[in-house]
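For the sequence shown, my numbering gives the first residue as 7, with consecutive numbering after it.
The structure under discussion appears below in the form of structure tokens.
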Amino acid sequence: MCQEAQDQFNELQKGMKLAESRKDHGLAANVIDTAQVKWGQVAEGIAAICKDAQKRDSYR
Numbered sequence: 007m008c009q010e011a012q013d014q015f016n017e018l019q020k021g022m023k024l025a026e027s028r029k030d031h032g033l034a035a036n037v038i039d040t041a042q043v044k045w046g047q048v049a050e051g052i053a054a055i056c057k058d059a060q061k062r063d064s065y066r
């Protein structure tokens, strides 16, 4: 499950990078910048959940 979540996140990141490469000044740039901050938080969340899950699995 963690690998699947990470793979999906990586695909979303590719889309964000593509959008960033095409962004113009103004509202679109602000929206993309905000989305990048949120995706960074999502990445941290995925990493924390997976690390916790791996820790729990090692106790079994």
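C-beta: ideal position from N, C-alpha, C; glycine also.
Treat the numbers as computed from the prediction; the structure is a model and nothing was measured.
Tell me whether the beta-carbon of residue i lies closer than 8 Å to the beta-carbon of residue j.
i     : j     : result
ILE52 : ALA11 : yes
MET22 : ALA35 : no
Beta-carbon within less than 6 Å of residue i's beta-carbon, same chain only, minus the 5 sequence neighbours each way: which residues are those?
i     : result
GLN9  : none
GLU26 : ILE38
MET17 : Residue 17 is actually Glu in this sequence, not Met. Excluding residues within five positions, none has a Cβ falling inside 6 Å.
Could you tell me how far apart the beta carbons of residue i and residue j are, in whole angstroms, since I believe they sit closer than 8 Å?
i     : j     : result
GLN19 : TRP45 : 7 Å
Can you list, in chain order, the residues of its chain with a C-beta nearer than 7 Å to that of residue i? Leave out the 5 residues immediately preceding and following it.
i     : result
ASP58 : none
Ranges of the beta strand (DSSP E) found wholly within the stretch 36-66, counting only runs of at least 3: The qualifying runs do not exist here; there are none.
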